[in-house]
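Quick note on numbering: this note's numbering labels position 11 of the sequence shown as 45, and the sequence is numbered without any gaps. A short write-up of the structure that comes next.
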Amino acid sequence: MTILFMCAANSVRSQLAEGIARKYLPEHKILSAGAGSSHVHPTVIDVLRDLEGIDASSHISKSVAEIDVDMVDLTIAVCKESVMPPELLLKPHRVWPFSVPSNRSLTESLAKEMKEKILVLKSELS
């Protein structure tokens, strides 16, 4: 199964989700993208390394326009549904409406919340 995590800029929320999901859902192809692209926020790289032992230093921010949406089986918007293009709204999707964290502490809290949701998803997919 190919799972796409989306947010507005593919800078924080969807990057966290991608890193954590790759660790806990290794049997699935995990992607992330934004409605547009930006850069991977350095705090995300640090938090993934420090909390989960994940090396996200090679993560690249990308736009959903760079993704072959036909191959996506499940899209999870980690902000609001409106970032998803219409063709993804017609396919299985979920919305985890997280806010953009404004500091490291909030980014760590967000990573922990995402991990919990991803572990629930893992049990649902098993």
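The C-beta atom is built at its ideal place from N, Cα and C for all residues, glycine as well.
Candidates the options, of which the one nearest residue i by Cα
i    : options               : result
S45  : A67, G87, R138        : A67
I94  : M105, V78, T109       : V78
C113 : V129, D107, S92, L144 : V129
K96  : A69, H62, V103, P119  : A69
K63  : D102, P131, M118      : D102
Nearest-angstrom Cα separation, counted from residue j out to residue i
i    : j    : result
V98  : S133 : 20 Å
A43  : S160 : 30 Å
M148 : V154 : 10 Å
E100 : S91  : 20 Å
E158 : R138 : 30 Å
L122 : D80  : 31 Å
E150 : H127 : 18 Å
K156 : I37  : 12 Å
P120 : D104 : 12 Å
V117 : E61  : 26 Å
Chain-order list of residues whose beta-carbon lies under 8 Å from that of residue i (same chain, five-residue window excluded)
i    : result
I152 : A51, I54, A55, Y58, L59
S143 : P135
K146 : L85
Per-residue burial, residue i [other beta carbons within 10 Å of its own, 16 or more giving buried]
i    : result
R47  : buried
V106 : buried
L82  : buried
M35  : exposed
H75  : buried
Own chain, CB closer than 6 Å to residue i, minus 5 neighbours either side, in chain order
i   : result
F39 : S48, A51, E52, S66, I110, V112
C41 : R47, S48, G68, V112, C113
S71 : N44, S95, K96, S97
Contacts around residue i, its chain only, beta-carbon distance under 7 Å, and the 5 residues preceding and following it disregarded
i    : result
K125 : V106, T109
P131 : C113, K114
H73  : S45, S95
Exercise. Are at least three pairs of beta-carbons, each pair with one atom in the segment 44-62 and one in the segment 80-88, less than 8 Å apart?
Worked result: yes
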